[in-house]
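Numbering (this note's numbering), first residue to last: 252 to 446. Below you'll find the structure, written out as structure tokens, and then a few comments.
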Amino acid sequence: MSKALQVPNDWKPAKIKDVAQINPRSNSVDDDTLVTFLPMNAVSESGIIQGDEIRKAIDVKNGFTSFESGDVLVAKITPCFENYKGCLCKELKNDRGYGSTEFHVLRPKKSITGEYLHILTRTHHFRGTGELNMTGTAGQKRVPAIFLENYEFQLPPLPEQKAIAALLSTWDEATEKTEKLIQAKERWFKWLLND
């Protein structure tokens, strides 16, 4: 017989809407400001930004999703959602970004760190429950914002969130380095074949 996991007493029940703004509007930015642009293929399935582009705001501020440094992106469309596409936005050019309209944006409030919110959105429970709540037809199913708003979880105190994120970030760094090594190997292999 297995024991149910016990949640520490200082972890409190919460919904994402309690701890983050969902799809918030960003303040306007001057047309000539350089910003980060993230098409869906620039976000890996391991939660890493790869292949972002720098563009002028005027070229992307209409017709794309806006976000800021510190925001968490979650792919909303199938199969990207099920494949764990999403990221924590760090080091955006001028702290601003625009990208695919198929991203939901979560902006952390004071009670949750961006790192912990990103971890939460990458759990099997979050992704599995989100998949069950998708709407639309087979090839165009999307996770609705209402799912994000009402997703329930146990919220640890900020010091524990930071400790959990610090531990898991070492794994993320190892994953990122491994992915970069694989990409470098593939480039070398192509180069050798062309020689």
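All C-beta atoms in this analysis are idealised placements derived from N, C-alpha and C, irrespective of residue type, glycine included.
query, result
"Any 3 or more C-beta pairs closer than 8 Å across the stretch 308 to 320 and the stretch 372 to 379", "no"
"The stretch 258 to 265 touching the stretch 400 to 412, judged by at least three CB pairs closer than 8 Å", "yes"
"Q434 - DSSP class collapsed to helix/strand/coil", "helix"
"Residues bridged to P259 [DSSP beta-bridge criterion]", "According to DSSP, P259 bridges with nothing at all."
"Rounded C-alpha distance that separates R276 from E304", "21 Å"
"Boundaries (first-last residue) of the beta strand (DSSP E) holding V356", "F354 to P359"
"Where E366 falls, given that 16 or more other Cβ within 10 Å makes a residue buried", "buried"
"M252 versus K344: straight-line alpha-carbon distance, rounded", "Any reading at M252 must be qualified, since the residue scores a pLDDT of 48, below 50, and its modelled position is unreliable; the value itself is stated next. So the alpha carbons of these two residues sit roughly 52 Å apart."
"Of the residues I328, Q412 and D283, the one placed nearest G387, counting alpha carbons only", "I328"
"Three CB pairs or more closer than 8 Å across the stretch 388 to 400 and the stretch 415 to 434", "no"
"Reference T426; option with closest CA among S297, M291 and D281", "S297"
"Segment limits, alpha helix (DSSP H) that includes T380", "H375 to L383"
"Cβ-Cβ separation, M291 to S351 (assumed contact under 8 Å), whole Å", "4 Å"
"Residue interval of the alpha helix (DSSP H) (run including F404)", "That residue, F404, is in no alpha helix (DSSP H); its beta strand (DSSP E) goes E403 to L406."
"6 Å CB neighbourhood of T284 in its chain, flanking five on each side removed", "A308 and N345"
"Local conformation of Q301 per DSSP, three classes", "coil"
"For A326, the first and last residue of its enclosing beta strand (DSSP E)", "V323 to A326"
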